[in-house]
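Here the structure is laid out as structure tokens; the discussion comes afterwards.
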Amino acid sequence: MRGCALLVSVVSLAACDLGGGFRGIAVDPPLEMPTFAFTRADGSTFRTSPEPGRPMVLFFGYTHCPDVCPTTLADWKRVRATLGDEAKAVRFVFVTVDPDRDTPAVAERYARMYDVSFEGVSGDAITTSRMMDAFGVAAAREPGTNATGYLVSHSSQVFLVDSHGKLVALYPFGTKWEALAADLERLP
Amino acid sequence: MTSHAAPALRHGIVTATGMATTLLAACTLRSDAPVPRVDVQHSWARIADSGGISGVYMEIVNNDTVPITLVGVTTTDAGAAEVHETTQRDDMAIMTARPGLRIPVGEVAKMAPGGVHVMLIDLRRTLSVGDSVRLRLQFSDSTSVAATVPVKTP
């Protein structure tokens, strides 16, 4: 919760300071993000730790989501196509906020349906909760129907973390994908 | 001058008359083509795995003389289909069921990403680009309209 409040205040300040040069909402000063580890379906480990020259784009969603999550992944696909070879270094990461239904295999397959390079990860409850807190992400179960089961309301912005592991910009849902592509191009 | 045309000429007249009749008929058919009471346009569905979830978008045009209300969608391609709406509140995406979508006379209900959509639940097969799903839109006056929706590149 503290992380959430911190992030909101940073974003509020950043929204006033448009000098960051980002087409998304700049996080100024950038926030150093903790590293989180996820076990993939094949048993290997995916870490969000900084990698030289490899920025990271993150979104928190769930695979029973028919609208906002696939819209975001489809936008990422456009970003990747636009950047071409330059995008190969970018780590696009879909983190499920519904680990009870989304196993690592389900999350992985969902993300890769859009692009084989996309990472779809599902952590245990503690990892998911800590990561959401660090990024200021919220999620809540909502009643659904017999067919859908429960629905999940969730934060819908995309996060850009630079190759030093610092959160540098946010993209609220509805931001044109070209903004993310442009910001990825300008990152060192 | 004889009133009877030579066979070749007569054949030409018959052919020309036939063509004119055909053209006239085509024009007549075109101008008399009935405007559908409800027209489904620009529909598309998202790719999805068998057993998974997909979203469908479309525009529904009400050409009727009375308002219509979409109350449900059925399909044999999924376990269930529901009309939902995504709204944004404080950067949170919130999805709720939309039990009745009213379309006034002459207006268009637009389903689009980030808004109203049809949610297909428990798909009976994988949806890939080039496939299609068959839906039936149910209206409050007990009428229904069939729609074949192509699966498109997301």
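Chains A and B are the protein sequences, given in the same order. My numbering applies: residue 1 is where the first sequence begins, and numbers increase by one. My numbering applies: residue 1001 is where the second sequence begins, and numbers increase by one. Using N, Cα and C, we set each Cβ at its ideal position, and we do this for glycine too.
- Query: So, helix, strand or coil for A:Leu187, using DSSP?
  - Reply: Correct three-state label for A:Leu187: coil.
- Task: Compare the C-alpha of A:Val93 against each of A:Cys65, A:Asp115 and A:Phe173 and name the closest.
- Result: A:Asp115
- Task: Can you tell me which of the three DSSP states A:Phe135 falls into?
- Result: helix
- Query: In this structure, does DSSP put A:Thr82 in helix, strand or coil?
  - Reply: Three-state DSSP puts A:Thr82 in a helix.
- Contacting residues, own chain, Cβ-Cβ under 6 Å from A:Pro34 (five flanking each side not counted): Ala134
- Item | Presumed contact (8 Å Cβ cut-off) between A:Arg54 and A:Phe46, rounded CB distance | That pair is no contact at about 13 Å.
- State the Cα-Cα distance for the pair A:Pro99 and A:Cys69, rounded to the nearest angstrom. Spanning the two alpha carbons is a distance of roughly 15 Å.
- Residue(s) in a DSSP beta bridge with B:His1042: Paired residues: none, contrary to the question.
- Message: What are the residues in the segment 1103-1119 of chain B lying within 7 Å of chain A by C-beta distance?
- Response: Pro1113, Gly1114, His1117 and Met1119
- Does the beta carbon of A:Ser122 come closer than 8 Å to any beta carbon on chain B? no
- Check whether A:Ser153 and B:Met1111 have beta carbons under 8 Å apart: No, these two residues do not count as a Cβ contact at 8 Å.
- Query: Cβ of B:Gln1138 less than 8 Å from any chain D Cβ?
  - Reply: As a matter of chain content, chain D is missing from the structure shown, whose protein chains are A and B.
- Query: What runs of the beta strand (DSSP E), each 3 residues or longer, lie entirely inside the segment 1104-1133 of chain B?
  - Reply: 1108-1110 and 1116-1123
- Item | Any C-beta of chain A under 8 Å from that of B:Arg1098 | no
- For B:Tyr1057, which of helix, strand or coil comes out of DSSP? The answer is strand: DSSP assigns B:Tyr1057 an E or B state.
- On the three-state DSSP scale, how would you describe A:Asp28? A:Asp28 falls in the strand class under three-state DSSP.
- Would you kindly report the start and end of the unbroken alpha helix (DSSP H) that includes A:Pro104? Pro104 to Arg112
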